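Below is one structure, written out as structure tokens; comments come after it.
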């Protein structure tokens, strides 16, 4: 399967600050990566699809100006939570598709964000 | 957003017992994936199913892609304590094959 890493694994920040989360594909180049959010005791919800070299595609209800996605290289996608507020506290997880079977998604270890 | 109906919501079983959980949808799906998530970790892929009727095993785990393409089940045989976790089904609906939709999850607790 695909190997995906995320950094940082957890972050605590003050309300109003911005936080950047990195998602790296370690074993092959991924033109498409996905960002999910998971609230406690809930399932994963797709936030956006990150496309290398072009704009991300956001799901309905996800503010693109608040959750900035940059996919500047084939191995790195970043999610920046701008002007974070306590309600943005969540578990953020990225994924990528398996080459040749892009519908089979492999997930990173996740980033726990706590906004005070 | 849409979620798949997954049942049961939680299970408390004794070590050695078999487990069965399923996932249903009102829409047709093109793929079904089963994941296990441990606390504080990302989901780990267990089994991937790509066509209707497909039955696939991975060790003690067996999953099937329903013939109607609207459901899938996961069985775990002879459960062990490390099977504890949350199991999620996920799939790509035929109306939007780019989007992976997740089930509501089944929390499994195994007692020795």
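Chains as they are written, first to last, in my numbering: chain A, 10 to 125; chain B, 284 to 395.
Quick reminder that beta carbons are idealized off the backbone N, C-alpha and C, glycines included.
All values reported here derive from a predicted model rather than from experimental measurement.
Assignment of residue 49(A) by DSSP, reduced to helix, strand and coil, places it in the coil class. Shown in chain order are the members of the region 90-107 of chain A whose Cβ falls below 7 Å from a Cβ of chain B: 102. DSSP assignment within the region 49-86 of chain A yields the following whole beta strand (DSSP E) runs of 3 residues or more, N-terminal first: 54-60, 76-82.
Excluding sequence positions up to five before and after residue 94(A), its CB lies within less than 7 Å of the CB of 24, 124, all in the same chain and listed in chain order. Below the 7 Å Cβ cutoff, chain A contributes no neighbours of residue 348(B), its closest Cβ being approximately 13 Å away. Counting C-beta pairs closer than 8 Å gives three or more between the region 102-118 of chain A and the region 26-45 of chain A, which meets the contact rule.
DSSP, read as helix, strand or coil, puts residue 97(A) in helix. With contacts defined as CB atoms closer than 8 Å, residue 120(A) and residue 14(A) fail to qualify as a contacting pair. DSSP, reduced to helix, strand and coil, places residue 365(B) within a helical segment of the structure shown.
Distance from the CA atom of residue 59(A) to the CA atom of residue 382(B), rounded to whole angstroms, is 12 Å. Residues of chain A whose Cβ lies closer than 7 Å to the Cβ of residue 324(B) are, in chain order, 118, 119. At least one beta carbon of chain B lies nearer than 8 Å to the beta carbon of residue 53(A). Close partners of residue 72(A) in chain B (Cβ separation under 9 Å) are lacking, with about 15 Å as the shortest Cβ gap.
By the criterion of at least three beta-carbon pairs nearer than 8 Å, the region 44-56 of chain A is not in contact with the region 293-309 of chain B.
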